[in-house]
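What follows is a short report on a single structure.
Number of protein chains: 2
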Amino acid sequence: MVANRQVIIAEVPQGPLQADHFALRELAVPEAGPGQVLCRTLALTIGAGQRAGLQGSASYAGAPASGVVMGGTGVARVEVSNTDSLKAGDLVVGPTGWQDYSVHEGHQLRKVPPGSDPALHLGLLGTNGLTAYFGLLEVGRPRAGETVVVSAAAGSVGHFAGQIAKVNGCRVVGVAGTDEKCHTLVNSLGFDAAVNHRDPNFRALFRAATEERINVYFDNTGGPVLESALFRMAPHGRIVCCGVVSQYDTASPAAGPRGVPGLLVNNRVRMEGFLVFDYQDRYEEARAQLSEWVDRGELTPRVTEFQGLESAPGAFVDLLAGATIGTTIVRVGQ
Amino acid sequence: MVANRQVIIAEVPQGPLQADHFALRELAVPEAGPGQVLCRTLALTIGAGQRAGLQGSASYAGAPASGVVMGGTGVARVEVSNTDSLKAGDLVVGPTGWQDYSVHEGHQLRKVPPGSDPALHLGLLGTNGLTAYFGLLEVGRPRAGETVVVSAAAGSVGHFAGQIAKVNGCRVVGVAGTDEKCHTLVNSLGFDAAVNHRDPNFRALFRAATEERINVYFDNTGGPVLESALFRMAPHGRIVCCGVVSQYDTASPAAGPRGVPGLLVNNRVRMEGFLVFDYQDRYEEARAQLSEWVDRGELTPRVTEFQGLESAPGAFVDLLAGATIGTTIVRVGQ
């Protein structure tokens, strides 16, 4: 008998996330009811934002509970379909969760071209790429020649945001947590400069890299990097509040950055939060544009891969520790 | 001989402002050179934002120095004019500073109708009224039926901002620092509710007054009231960062509010600083609209008056202590 392996939340984390907050269990493969679809997970993506979903009601994702399957987006193959819109063998993206098999209503799944790489639909054309696209272009509204700074710049959203800014003629500075990541940003992904926020000289290095001030700061982290950016904003600068990775892996959010709201007033800075779901009716436009940039060689998606469902908890811990570059993918099945 | 009395900065304040940070001195009345104008100050306005100008380079107003005349906007009568655009007896608004007489280039002065009340040009039609107008309408963009919260709501900018929101069909909640002010806001100025931020039950009272969440928060204070508002913002809410009165009277700005940037993301909140000077080319439009509202009885300017130039330092201390309502005016001469 084929089993359905599941990664469940064994314990809701109160402090830093550890792999043993999760557990593996096996259940029978579920059956698709009328109008439903049974899916075989091929790959999952893990994003730092999912850590917020484990923090309870403070997050937009709602409160977590132990004993349930860890949620997440995956690419899957349809095994059994009881709906006309899908057939066995179709490739789909949906809320598979961290498990081998899952059952869904047809409308929960988005069909993608058969044979295409799951990583593409989880990174560039998934929530990560779309978040970078709408956050940077619609909230940040960069103009050619402006300086754009991206934090967590080697992350899934960040590495897209920085490259999209480059395509739009901006000078781009990345902030990341290791020298290796900074090297990748500048040498492989076309960033003009990158600064390691763990470097003891971070403030001086950051100041030097933003000599002409910051017009758009794409913030994935909050915390000290946000505070540093606030003090370097140009008049009429914009801060895109995309994520708060510095605060996810803690039980008690720290005080906000100094300079709020004083520096916002002095420099007439706009600081704006957004959720990509608000742009749902424009996803196809964004996917077409992102694909075109890749085809032209102007945008390079990066992926860090892990093998096997059982590697997902460790991959999540690695991601939060800053050990991954680009979109984090867990290959689950074939 | 007529002397020119001046209030000078005797000592740049390091902590809370005190009247003896200022001193009175007498000099000879200055002479107007070619193209210049000698003015007799009739009234001054004092605003909380001027405290920021005494904080050194942290403020947009530049660093202060001891021994110089305290800056400020006044209404004055032209005594001697060596420029064609003005004549003796004209009433003007300009950067008179805290003194009886001052000399200016003609272009620094704005002519206002002879015989009109100086308080009108320093409050409603001055920087205070214009700041409320553009901050609320252009940055906050309230829609009829929305809830607008104003902090320092009994202050010069705040009491205009709240009333402008009422004219535009909003439900308006004021936050002020005494029960007397709250009473005035509700009973004389048409606010729907007002909450005293010094009340031990402030959080519960504020929550009750913002049951339907906050669509626009017009922030004159920063600090704890801003933090409270952040936790009550509605999705797609807007925070107008107008001033930071909670931080002016201190040497070391406190940490920023918790919830920045996390709550901005979750609720897609826009938080935006502005300076009224950026709207200079639309001042006349705003003045016409503000006057019309007053004529229709929909907007009531309030003034707290002090008599005599020598009362200015005490008036400033009173203002920062929250003892004034509306625009603070010092009557200087006749």
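Sequence order for the protein chains is C and S.
According to my numbering, the first sequence holds residues 1 to 334 in order.
According to my numbering, the second sequence holds residues 1001 to 1334 in order.
Every residue, glycine too, gets a C-beta built ideally from N, C-alpha and C.
Just so you know, these numbers come straight off a predicted model, no measurement behind them.
Sequence-distant residues of the same chain with beta carbon closer than 6 Å to residue i, five excluded per side
i	result
L1124/S	L1290, P1301
E146/C	C170, N215
G1243/S	G1049, N1220
V172/C	V148, G162, A165, K166, F191, D192
E1339/S	The question about residue 1339/S has no answer here: the residues shown for chain S are numbered 1001 through 1334.
V1029/S	V1002, N1004, Y1101
T246/C	Checking the displayed sequence, the identity of residue 246/C turns out to be Ser instead of Thr. Hits under 6 Å: T221, G222, G223.
Candidates the options: closest to residue i by CA position
i	options	result
C1241/S	F1022/S, R1258/S, G1223/S, G1314/S	G1223/S
P114/C	G106/C, S85/C, R77/C, H104/C	R77/C
G1033/S	H1104/S, V1172/S, D1090/S, F1202/S	H1104/S
H1107/S	G1035/S, T1041/S, S1156/S	G1035/S
R1007/S	H1021/S, P1235/S, G1015/S	Correcting the residue identity first, residue 1007/S is Val in this sequence and not Arg. Here the closest residue by C-alpha is H1021/S.
V75/C	D84/C, V2/C, C39/C	C39/C
R238/C	Q334/C, E292/C, S102/C, R143/C	R143/C
L286/C	L130/C, D84/C, V2/C, K87/C	Per the sequence shown, the amino acid found at residue 286/C is Ala instead of Leu. Comparing Cα-Cα distances from A286/C to each of L130/C, D84/C, V2/C, K87/C, the minimum goes to L130/C.
L27/C	I9/C, G15/C, S151/C, R5/C	R5/C
Y283/C	E31/C, K181/C, R110/C, L185/C	R110/C
H236/C	R213/C, S246/C, F277/C	R213/C
A194/C	S188/C, P200/C, H183/C	H183/C
A229/C	Y279/C, A312/C, V175/C	V175/C
is_contact[residue i, chain C] using C-beta, thresh 8 Å
i	result
F1134/S	no
C1039/S	no
Q1261/S	Reading off the sequence shown, one finds Pro at residue 1261/S, where the question assumed Gln. Output row for P1261/S: interface = yes.
L1264/S	yes
L1120/S	no
R1232/S	no
T1324/S	no
S1057/S	Because S1057/S carries a pLDDT of 48, less than 50, the predicted location of this residue cannot be relied on, and no value is offered for it.
Short CB-CB distance (under 8 Å) between residue i and chain S
i	result
G47/C	no
E138/C	no
D281/C	no
G222/C	yes
F316/C	no
Contacting residues, own chain, Cβ-Cβ under 8 Å from residue i (five flanking each side not counted)
i	result
R1207/S	R1232
A1204/S	none
G89/C	R77, V78, P114
Neighbour list for residue i in chain C, Cβ cutoff strictly below 7 Å
i	result
V1244/S	P261, G262, V265
L1226/S	P261
Closer than 7 Å at the beta carbon, the chain S residues around residue i
i	result
A255/C	A1255, G1256, R1258
Own chain residues within Cβ distance below 7 Å of residue i, not counting five before or after
i	result
G177/C	N196, H197, R198, G322
G135/C	A161, F218, V240, C242, F274
E310/C	L24
Q18/C	V317
E1210/S	A quick correction: the sequence has Thr, not Glu, at residue 1210/S. Cβ neighbours of T1210/S beyond the five flanking positions: T1147, V1149, V1173, R1232.
Q307/C	R331
K181/C	A154, I325
N168/C	P142, A144
G1333/S	R1040, T1041, L1042, D1100
Residues that residue i contacts on chain C, provided the C-beta gap is smaller than 8 Å
i	result
G1273/S	P261, L263, L264, V265, N266, N267, R268, V269, R270
Q1247/S	G262
Contact set between residue i and chain S, taken where Cβ atoms lie within less than 8 Å
i	result
D219/C	P1261
D278/C	R1268
Listed by chain order, chain S residues near residue i by CB distance under 9 Å
i	result
Q50/C	Under the 9 Å cutoff, chain S gives no residues; its nearest Cβ is about 14 Å from Q50/C.
Beta carbon proximity, residue i to chain D, threshold 8 Å
i	result
C1241/S	This model lacks chain D altogether; the protein chains it does include are C and S.
heavy atom of the ligand GTP below 7 Å from residue i C-beta
i	result
G1177/S	Ligands displayed in this structure: none; no statement on the ligand GTP is therefore possible.
Does the region 256-264 of chain C come close enough to the region 163-176 of chain C that 3 or more CB-CB pairs lie under 8 Å? no
Counting Cβ pairs closer than 8 Å, one from the region 110-127 of chain C and one from the region 38-46 of chain C, do we hit at least three? yes
Closer than 8 Å is the cut-off here; do at least three beta carbon pairs connect the region 65-75 of chain C with the region 89-97 of chain C? yes
Say whether the region 1264-1284 of chain S touches the region 270-282 of chain C, bearing in mind that this needs 3 or more beta-carbon pairs closer than 8 Å, one atom from each stretch. yes
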